[in-house]
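Trainee:
There are 2 protein chains.
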Amino acid sequence: RTANGKRIPPPVVHYYMNNLTSTRDPVAHRETVLILTPLARFYQEYWDNLLALSYPHELITVGFIIPKNREGNAATAALQEQITKTQKYGPEKNRFASIIIERQDFDPPLASQTEAERHKMENQKVRRAAMAKARNSLLFTTLGPAISWVLWLDSDIVETPPTLIQDLASHEKPIIVANCFQRFTDPKTKLPAERPYDFNSWQDSEKAQELAAAMQPDEILLEGYHEMATYRVLMAHMAEVNGDPKFEIPLDGVGGTALLVKADVHRDGAMFPPFAFYHLIETEGFAKMAKRLGWAATGLPNYKVYHYNE
Amino acid sequence: RTANGKRIPPPVVHYYMNNLTSTRDPVAHRETVLILTPLARFYQEYWDNLLALSYPHELITVGFIIPKNREGNAATAALQEQITKTQKYGPEKNRFASIIIERQDFDPPLASQTEAERHKMENQKVRRAAMAKARNSLLFTTLGPAISWVLWLDSDIVETPPTLIQDLASHEKPIIVANCFQRFTDPKTKLPAERPYDFNSWQDSEKAQELAAAMQPDEILLEGYHEMATYRVLMAHMAEVNGDPKFEIPLDGVGGTALLVKADVHRDGAMFPPFAFYHLIETEGFAKMAKRLGWAATGLPNYKVYHYNE
Ligand SMILES: Nc1nc2c(ncn2[C@@H]2O[C@H](COP(=O)(O)OP(=O)(O)O)[C@@H](O)[C@H]2O)c(=O)[nH]1
Ligand SMILES: Nc1nc2c(ncn2[C@@H]2O[C@H](COP(=O)(O)OP(=O)(O)O)[C@@H](O)[C@H]2O)c(=O)[nH]1
Ligand SMILES: [Mn+2]
Ligand SMILES: [Mn+2]
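Order-wise, the sequence lines are chains Z and H. The first sequence begins at 50 in this note's numbering and counts up by one. The second sequence begins at 50 in this note's numbering and counts up by one.
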């Protein structure tokens with residue numbers, strides 16, 4: 050409204066979506082990036098890495114979806130404190146174009162949320178359906194017509210290079226995912242070591258296809274469980290010592306810890322199925338749905354990001 | 050930026066999505082409505098009816114997606130003229146909260162676009178996949194976290210009551226669809242008559258299930274073709290003379306000509322599959338996908354809207 054209280058004629062916004070590019074050199078083309086993070090717990094390292102991203106921050110919008118429970122309230126408070134520091138008091142070049150925080154009830158899928166509990170096979174379907182809905186809700190409400198890329202980045206990814214966006218985009222793939230590892234102290238040697246963490250990035254196998262064919266319509270295949278050996282080729286196991294970080298492999302399933310997607314893939318309709326889709330769910334189902342839409346997924350076995358170790 | 054060129058600290062927007070309602074009395078609760086129209090041709094009657102909607106216009110955002118071809122350019126020009134009249138020069142109460150126009154290339158699925166050509170069975174899959182992508186693109190880029198309802202309204206629906214939104218919302222259903230008819234002059238009697246137009250709203254049949262079971266994964270079931278009798282119960286044929294416009298029926302497939310959806314249904318991930326989903330596509334696939342997400346569809350056989358007659 051104007052000063053005299055009259056409503057200002059509302060704007061008509063025109064978007065020419067054909068002029069929107071998503072190229073291997075997104076900085077040069079001033080391509081906008083939407084970083085999406087479902088967030089249950091806040092990690093300072095996540096925020097520090099976000100801030101350290103060398104991609105021009107004025108081209109980045111960040112969106113969070115945070116459960117509306119006690120844990121979520123604590124995470125929101127910690128996040129808000131960092132946001133205020135950056136967006137209000139920090140150097141101008143650090144400030145992001147905009148930040149969106151969504152609070153939402155989820156039927157809490159599990160009472161306990163320890164890593165062991167989260168990963169129990171019988172809990173996975175319910176939990177990942179809830180995660181899929183959280184991702185969809187965040188995606189559907191933040192995407193906008195002027196976004197070139199969507200970077201899915203989990204809040205518990207505590208090590209990522211500042212060039213993450215440029216590195217992933219340089220491959221110019223519709224869907225590309227880093228290899229998610231976890232640092233730990235080897236109990237035998239007491240030395241620092243690392244191990245694969247995310248088993249959702251894989252190449253399909255005949256055995257997995259056979260398992261799927263024998264399943265009930267609502268059943269899903271899960272990776273990383275002895276009870277259900279799929280013989281899929283897991284990207285987690287394909288990292289090589291001193292391997293080329295640019296080395297690409299085709300994937301049939303992807304994880305969502307650090308996943309770059311051309312916005313057009315999502316705009317065509319590729320979302321995170323919260324139901325069994327070809328016996329796949331969430332990020333793995335997303336890769337399958339994208340493939341049905343004509344978009345292939347790529348993995349970088351030697352390009353690592355690291356997950357928090359509880 | 051401020052007058053001295055300094056960047057203003059960008060806002061952090063918080064959304065409490067639990068506080069968002071979608072009730073049977075949306076006006077009283079000041080619920081926001083997003084009207085989405087894929088638009089290939091502009092019809093003055095469509096616009097006049099939009100303007101005549103008695104739902105408070107300041108709670109309505111309208112989004113269009115228009116192909117970037119010659120026909121689309123003409124439609125955009127005609128639309129823009131009406132928008133300027135309303136939003137700039139019209140009475141304040143007529144103005145919508147905002148209007149978004151997206152222009153986009155589609156691989157033009159068919160050279161000719163006459164009604165006869167559009168409805169040829171072998172053309173339907175390609176055409177409806179393209180329509181599904183247009184709907185998804187429009188949906189994914191306009192939805193936002195503060196929207197309560199999405200009204201899908203085709204641009205060639207030339208008769209709708211001013212109370213359309215309130216009437217449909219009053220049933221408080223997650224997905225509800227009007228019965229789409231077409232007026233014509235009876236060639237025998239030369240008298241005005243009407244006939245069913247949209248055959249995408251139906252109740253499933255055993256026969257259709259059997260047909261689907263025998264199909265290749267990528268094949269789709271289509272309604273309204275003699276070659277493929279499904280024996281589904283079509284809402285188009287369930288309208289009764291002087292029938293109660295509030296009479297509800299459960300549906301398994303829906304059409305998109307005048308379709309009201311609770312925004313949460315879309316936010317959960319329900320979109321318009323551009324691929325065979327349980328052998329269904331586009332709006333029919335949407336109903337199936339919503340059902341997989343736990344949301345049922347309802348039809349109003351006696352609540353009619355009318356499609357343009359070419
Ligand atoms: N909004 C929301 N985010 C969640 C929820 N559960 C986990 N997350 C976040 O989603 C991402 C993946 O979940 P996480 O529990 O780390 O999965 P895991 O590492 O595969 O066991 C992380 O960024 C979490 O902070 C939830 O219920 N709601
Ligand atoms: N953006 C876009 N809209 C389209 C396209 N084709 C049709 N439409 C619009 O989508 C709606 C449904 O299409 P229409 O051709 O009327 O389908 P029919 O009535 O079922 O034959 C109408 O509002 C059309 O104006 C297209 O290629 N792109
Ligand atoms: Mn995690
Ligand atoms: Mn039509």
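Positions of the beta carbon are idealized from the N, C-alpha and C atoms, including for glycine.
Residues of chain H with CB closer than 7 angstroms to the CB of Thr190(Z), please, in chain order.
Mentor: Correct list: Leu192, Gly193, Pro194 and Arg316.
Trainee: Kindly indicate if chain Z contains any beta-carbon less than 8 angstroms away from that of Val354(H).
Mentor: With 8 angstroms as the cut-off, Val354(H) does not count as an interface residue toward chain Z.
Trainee: If contact is defined by three or more beta carbon pairs under 8 angstroms, each pair taking one atom from either stretch, is the region 206 to 220 of chain Z in contact with the region 324 to 341 of chain Z?
Mentor: Counting Cβ pairs under 8 angstroms, fewer than three are found: no touch.
Trainee: Could you compute how far the alpha carbon of Gly343(H) sits from the alpha carbon of Pro323(Z)?
Mentor: Looking at the two C-alpha atoms, the distance is approximately 11 angstroms.
Trainee: Distance cutoff 8 angstroms, beta carbons only. Does Leu85(H) sit that close to anything in chain Z?
Mentor: Taking Cβ atoms only, chain Z never reaches closer than 8 angstroms to Leu85(H), which makes this a no.
Trainee: For Leu83(Z), which of Tyr64(Z), His63(Z) and Ala146(Z) has the nearest alpha-carbon?
Mentor: When each option's Cα is compared against that of Leu83(Z), the closest is Ala146(Z).
Trainee: Could you give the residue range of the beta strand (DSSP E) that holds Ser71(H)?
Mentor: Per DSSP, Ser71(H) belongs to no beta strand (DSSP E) and is neither H nor E.
Trainee: Would Leu213(H) pass as a contact of Ala307(H) if the rule is Cβ separation under 8 angstroms?
Mentor: Yes. Within cutoff.
Trainee: Give a yes or no on whether the minimum CB-CB distance between Lys256(Z) and chain H is below 8 angstroms.
Mentor: Answer no: the Cβ-Cβ gap between Lys256(Z) and chain H never drops below 8 angstroms.
Trainee: Do Leu309(H) and Leu200(H) come within 8 angstroms of each other at the CB atom, strictly closer than that value?
Mentor: Yes.
Trainee: Give me the DSSP bridge partner(s) of Val354(Z).
Mentor: DSSP output for Val354(Z) lists Cys229(Z) as bridge partner(s).
Trainee: Please classify Ala319(H): is it buried, with 16 or more other beta-carbons within 10 angstroms of its beta-carbon, or exposed?
Mentor: Flag for Ala319(H) reads buried.
Trainee: Does the beta carbon of Ile109(H) sit closer than 8 angstroms to a beta carbon anywhere in chain Z?
Mentor: Judged by the 8 angstroms Cβ criterion, Ile109(H) is not in contact with chain Z.
Trainee: Report the residue from Lys182(Z), Tyr355(Z), Thr72(Z) and Asp154(Z) whose alpha carbon sits nearest the alpha carbon of Phe230(Z).
Mentor: Cα-wise, what sits closest to Phe230(Z) is Tyr355(Z).
Trainee: Taking Ala257(Z) as the reference, which of Ala278(Z), Glu243(Z), Pro241(Z) and Phe326(Z) has the closest Cα?
Mentor: The candidate whose alpha carbon is nearest that of Ala257(Z) is Ala278(Z).
Trainee: Alpha carbon to alpha carbon, how far is Arg362(H) from Phe189(H)?
Mentor: With chain H covering only 50 through 359, there is no way to say anything about residue 362(H).
Trainee: For chain Z, is any of its Cβ atoms less than 8 angstroms away from the one on Lys182(H)?
Mentor: Yes - at least one Cβ of chain Z is within 8 angstroms of the one on Lys182(H).
Trainee: Can you say whether Arg50(H) is buried or exposed, counting buried as having 16 or more other CB atoms within 10 angstroms of its CB?
Mentor: Residue confidence is low: Arg50(H) scores 40 on pLDDT, short of 50, so the model does not pin down where it sits. No coordinate-derived value is stated.
Trainee: When we look at the beta-carbon of Glu80(Z) and count the other beta-carbons within 10 Å, is it buried (16 or more) or exposed?
Mentor: The residue is buried, with at least 16 neighbouring Cβ atoms inside 10 Å.
Trainee: Looking at the structure shown, is Glu272(Z) part of a helix, part of a strand, or coil, going by DSSP?
Mentor: Residue state, collapsed to three classes: coil.
Trainee: Based on DSSP bridge pairs, tell me the residues matched to His63(Z).
Mentor: Ile150(H).
Trainee: Give the range of the beta strand (DSSP E) segment to which Glu208(H) is assigned.
Mentor: Its beta strand (DSSP E) spans residues Ile206 to Glu208.
Trainee: At a cut-off of 7 angstroms, would you count Ser250(Z) as near ligand 1, judging by its Cβ distance to the nearest heavy atom?
Mentor: No, Cβ of Ser250(Z) sits at least 7 angstroms from all heavy atoms of ligand 1.
Trainee: Quick test of your reading: Leu85(Z) and Gly112(Z), contact by CB under 8 angstroms. State the CB separation rounded to the nearest angstrom.
Mentor: Yes, Leu85(Z) and Gly112(Z) are in contact; Cβ-Cβ is about 5 angstroms, under 8 angstroms.
Trainee: In whole angstroms, what is the alpha-carbon distance linking His168(H) and Ser250(H)?
Mentor: C-alpha separation (whole angstroms): 16 angstroms.
Trainee: Can you pull the DSSP bridge partners for Thr125(H)?
Mentor: Partner(s): none; Thr125(H) has no beta bridge.
Trainee: Just to confirm, are Val314(H) and Ile224(H) a CB contact at a threshold of 8 angstroms?
Mentor: Yes, they are a contact pair.
Trainee: Can you find the residues in the same chain that come closer than 6 angstroms, C-beta to C-beta, to Thr110(Z), ignoring five residues on each side of it along the sequence?
Mentor: The answer, listed in chain order, is Leu83, Ala146 and Ser147.
Trainee: If we define contact as Cβ-Cβ less than 8 angstroms, is Ile269(H) a contact residue for chain Z?
Mentor: By this cut-off, Ile269(H) is not an interface position.
Trainee: Glu94(Z) by DSSP, collapsed to three states: which one?
Mentor: Correct three-state label for Glu94(Z): helix.
Trainee: State the DSSP-derived secondary structure class of Gly302(H), mapped to helix, strand or coil.
Mentor: Gly302(H) falls in the strand class under three-state DSSP.
Trainee: Looking at ligand 3, does it come within less than 7 angstroms of His78(Z), judged from the CB to the closest heavy atom?
Mentor: Checking the Cβ of His78(Z) against ligand 3 gives no.
Trainee: By the 7 angstroms beta-carbon criterion, what residues does the region 112 to 143 of chain Z contribute toward chain H?
Mentor: Within the region 112 to 143 of chain Z, the qualifying residues are Lys117, Ile132, Gln136, Lys137 and Glu141.
Trainee: Helix, strand or coil for Thr51(H)? Go by DSSP, reduced to three states.
Mentor: For Thr51(H), the pLDDT reaches just 45, beneath the cut-off of 50, and the residue's location in the model is therefore unreliable, leaving the point undetermined.
Trainee: Quick one: is Gln265(H) buried, meaning 16 or more other Cβ sit within 10 Å of its Cβ, or exposed?
Mentor: Flag for Gln265(H) reads exposed.
Trainee: Give every residue of the same chain whose Cβ lies closer than 7 angstroms to the Cβ of Arg232(H), excluding the five residues on either side of it in the sequence, and list them in chain order.
Mentor: So the qualifying residues of the chain are Pro241, Glu243, Tyr355 and Asn358.
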